[in-house]
Amino acid sequence: MFAAEPCCTRVVVASRNPNKFRIRQAEYRPCDLRYIEEVKALFQDIQPKIIIHTISPGPFAQASEQYEVTYFGTKRVLELAKLRPSVRAFVWTSSVNSVELDSTTNHRPINEAKATVTDWTSRASAYGRAKGSTETLVLGSNTDATAVDFSDEADWRGKLLTMSLRVTGLYGPRDKTSIKDILSLVNTIATRTQIGPNKLVHSWCYVDSAANAHVYAAKALLDAKHLQPDIRVDGEAFFIADPKPHEILGLHEGCTSGSW
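So the sequence shown is numbered by my numbering: it starts at 148 and just counts up by one.
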């Protein structure tokens with residue numbers, strides 16, 4: 148999505164294995180955020196203006212990995228970002244699991260104002276605790292947007308505008324979790340069996356919508372137009388989901404029947 152934006156003069160993708168799903172409009176660099184020298188060398192070389200941080204272990208990874216990669220890895224990236232004069236915006240890909248979730252309240256929506264962010268003492272999963280704690284870290288690293296210089300020649304060392312995107316369950320092209328697991332149940336008894344009345348609802352998010360949200364987030368952080376209290380975006384978290392929730396089994400039934 149960033150590569151298609153006329154305002155983006157350069158898009159660099161960094162990962163441990165940058166050989167999958169490549170597009171010719173982007174550059175690809177090997178980098179493991181667990182090793183600070185690799186991240187430091189990458190920043191020194193490319194002089195980024197915007198950092199979109201999507202890296203984290205999956206929901207079922209060990210608690211130690213959640214801490215080392217999600218929390219501590221992000222902490223180091225934030226610290227290095229603030230040392231660079233070029234870096235201005237940091238968008239963190241969080242998760243709906245970064246807030247306290249209660250299955251008894253699935254019948255009603257939850258918004259940013261009412262959500263309680265998880266921390267290391269929460270009863271959530273290791274994934275949820277890491278996501279919530281890291282979100283607090285990211286938003287706590289924000290610099291007040293009304294106190295920065297948005298001019299092209301400004302030196303941003305020690306300053307950073309941050310935002311967190313709480314993405315719900317993803318589905319769509321290249322999804323290796325939701326759709327893959329659902330399709331693996333085709334022609335099995337699981338597609339013909341339902342437990343419970345299926346009245347609880349769940350919010351999903353199409354992958355293109357999630358990708359576009361990161362583009363819009365970066366633009367909003369740097370357009371110098373969101374400085375009034377009622378439209379501020381820096382230091383804020385936003386839920387990213389499809390317009391309407393669906394019954395918990397809706398996606399499963401839609402995928403296996405071909406109606407989605």
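Glycine residues also receive a C-beta, built at the ideal position from the N, C-alpha and C atoms.
Whose C-beta lies closer than 7 angstroms to the C-beta of residue i among residues of the same chain, with five residues either side of it excluded?
i	result
Pro-320	Val-354
Phe-190	Leu-227 and Arg-231
Ile-411	The structure shown does not extend to residue 411, since the chain spans only 148 to 407, so no value can be given for it.
Ala-188	none
Check whether the Cβ atoms of residue i and residue j lie closer than 9 angstroms to each other.
i	j	result
Leu-368	Ala-292	yes
His-349	Gly-279	no
Leu-225	Val-159	no
Phe-149	Asn-258	no
Leu-330	Gly-382	no
His-373	Thr-201	no
Judging by CA-CA distance, which residue of the options is the nearest neighbour of residue i?
i	options	result
Pro-177	Ser-242, Arg-163, Glu-152 and Ile-170	Arg-163
Asp-179	Arg-157, Asp-377, Ala-210 and Glu-215	Glu-215
Tyr-182	Cys-154, Arg-223, Ile-202 and Ala-210	Arg-223
Ser-233	Ser-211, Trp-267 and Asp-296	Asp-296
Thr-340	His-399, Ala-371 and Thr-265	His-399
Pro-344	Ala-161, Ile-395 and Ile-193	Ile-395
Asn-334	Pro-165, Cys-402, Asp-299 and Asn-289	Cys-402
Ala-384	Gln-194, Val-246, Pro-390 and Pro-195	Val-246
Ser-325	Thr-265, Lys-346, Cys-352 and Pro-376	Cys-352
Arg-157	Gly-287, Pro-195, Pro-165 and Glu-184	Pro-195
Cys-154	Gln-375, Thr-290 and Tyr-363	Tyr-363
Thr-290	Ile-199, Arg-379, Ala-188 and Asp-322	Arg-379
Ser-288	Glu-184, Ala-210 and Arg-304	Arg-304
Could you check the C-alpha separation between residue i and residue j for me, to the nearest Å?
i	j	result
Lys-306	Ala-294	9 angstroms
Val-186	Thr-263	32 angstroms
Arg-270	Gln-172	43 angstroms
Ser-356	Ala-388	8 angstroms
Lys-167	Lys-327	18 angstroms
Leu-332	Tyr-318	16 angstroms
Glu-152	Asp-370	15 angstroms
Arg-255	Ile-342	21 angstroms
Glu-174	Asp-192	13 angstroms
Lys-261	Pro-392	18 angstroms
Trp-267	Glu-212	14 angstroms
Arg-358	Ala-161	The question names Arg, yet the displayed sequence has Ala at residue 358. Roughly 16 angstroms separates the two Cα atoms.
Lys-323	Thr-338	19 angstroms
Grab me the residues of residue i's own chain with a C-beta within less than 6 angstroms of its C-beta, minus the 5 sequence neighbours each way, in chain order.
i	result
Ala-365	Ile-197, Ala-236 and Val-238
Thr-281	Thr-217, Tyr-218 and Thr-221
Keeping to the same chain, check which residues put their C-beta closer than 8 angstroms to that of residue i; ignore five residues upstream and five downstream.
i	result
Thr-265	Asn-244, Ser-245, Val-246, Glu-247, Ala-271, Gly-275, Arg-276, Lys-278, Gly-279 and Ser-280
Thr-283	Val-264 and Asp-266
At least 3 beta-carbon pairs within less than 8 angstroms: the stretch 202 to 212 vs the stretch 263 to 281: yes
If contact is defined by three or more beta carbon pairs under 8 angstroms, each pair taking one atom from either stretch, is the stretch 309 to 316 in contact with the stretch 239 to 250? yes
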